[in-house]
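Colleague:
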Amino acid sequence: MNTATVAGLVIAFLVYLIISHFYFKKRLNIKAKSTFMFHQDRSRISVAIDGILLVGFIYAMFWINVEKEAEMFSGVIKISPLFALFFLTSLNRGIEERVLHREEKAYYHDWLESLLCLAVFFILLIGEL
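When we follow this note's numbering, the leftmost residue of the sequence shown carries the number 642, and every step to the right adds one.
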């Protein structure tokens, strides 16, 4: 990993922390909600979507890493299903929070997390080129 990649990752995490902590929490008074997959307040559709995403993640990890020509894939491509899982689950939770609890505005944190996942993936992908 070269220094530009490390610098890009540090900048991405710093931007995430500044926006999340200082802008969302301090300035806008928006608190982050922490829920796990089978939390009782989650809708069944969102839990089903998270389950489908988890099964798809497991399938994609096996398909990419156990295939005959798995050596030709780069390290970032081999772990790309992990980034896809984090991105899509945080996006799903953000959509669920927006639909069910719009007035709390906690979905801003989930959408910011999904943007961070995309940014980290693309920084690592570009850094490998």
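Backbone N, C-alpha and C define an ideal beta-carbon position, used for all residues, glycine too.
1. As a quick exercise: from Lys674, Ser721 and Ala701, pick the residue whose alpha carbon is nearest that of Arg743.
2. Counting only the same chain and skipping the five closest in sequence on each side, list residues whose C-beta sits under 7 angstroms from that of Lys719.
3. Hey, how far is the Cα of Arg685 from the Cα of Asn643?
4. How is the alpha helix (DSSP H) around Lys719 delimited, first residue to last?
5. In the DSSP assignment, find the alpha helix (DSSP H) that holds Leu655 and state where it starts and stops.
6. Could you spell out where the alpha helix (DSSP H) holding Tyr664 opens and where it closes?
7. How many Å lie between Ile699 and Leu756 at the Cα?
8. Please state the DSSP three-state secondary structure of Arg683.
9. Buried or exposed for Phe654, please, with buried defined as at least 16 other CB atoms from any protein chain shown within 10 angstroms of its CB.
10. Should Arg668 be labelled buried (16 or more other beta-carbon atoms within 10 Å of its own) or exposed?
11. Could you check the C-alpha separation between Glu745 and Leu658 for me, to the nearest Å?
Modeller: Reading off the structure:
1. The residue you call residue 743 lines up with position 102 of the sequence shown. Closest option to Arg743, Cα to Cα, is Lys674.
2. Along the sequence shown, read from residue 1 onward, the residue named residue 719 stands at position 78. Closer than 7 angstroms at the Cβ level, and outside the excluded window around Lys719, lie Ile705 and Asn706.
3. On the sequence shown, residue 685 is found 44 positions in, with the first residue counted as 1. On the sequence shown, residue 643 is found 2 positions in, with the first residue counted as 1. Rounded to whole angstroms, Arg685 to Asn643 spans 44 angstroms at the Cα level.
4. Your numbering for residue 719 matches position 78 in the sequence shown. Boundaries of the alpha helix (DSSP H) harbouring Lys719: Gly716 to Lys719, taken from the DSSP string.
5. Taking the sequence shown and counting its residues from 1, one reaches residue 655 at position 14. Here the alpha helix (DSSP H) through Leu655 covers Thr644 to Leu658.
6. If you number the sequence shown from 1, residue 664 lands on position 23. No alpha helix (DSSP H) contains Tyr664, which DSSP labels as neither H nor E.
7. To locate residue 699, count along the sequence shown from 1; it is residue 58. To locate residue 756, count along the sequence shown from 1; it is residue 115. Whole-angstrom Cα-Cα distance: 22 angstroms.
8. Looking up residue 683 in the sequence shown gives position 42. The DSSP-derived three-state label of Arg683 is coil.
9. Here residue 654 refers to the residue found at position 13 of the sequence shown. When all chains shown are included, Phe654 counts as exposed.
10. Start at 1 with the first residue of the sequence shown, and residue 668 comes out as number 27. Under this definition Arg668 is an exposed residue.
11. In the sequence shown, residue 745 corresponds to position 104, counting from 1. In the sequence shown, residue 658 corresponds to position 17, counting from 1. Distance between the alpha carbons of Glu745 and Leu658 is about 20 angstroms.
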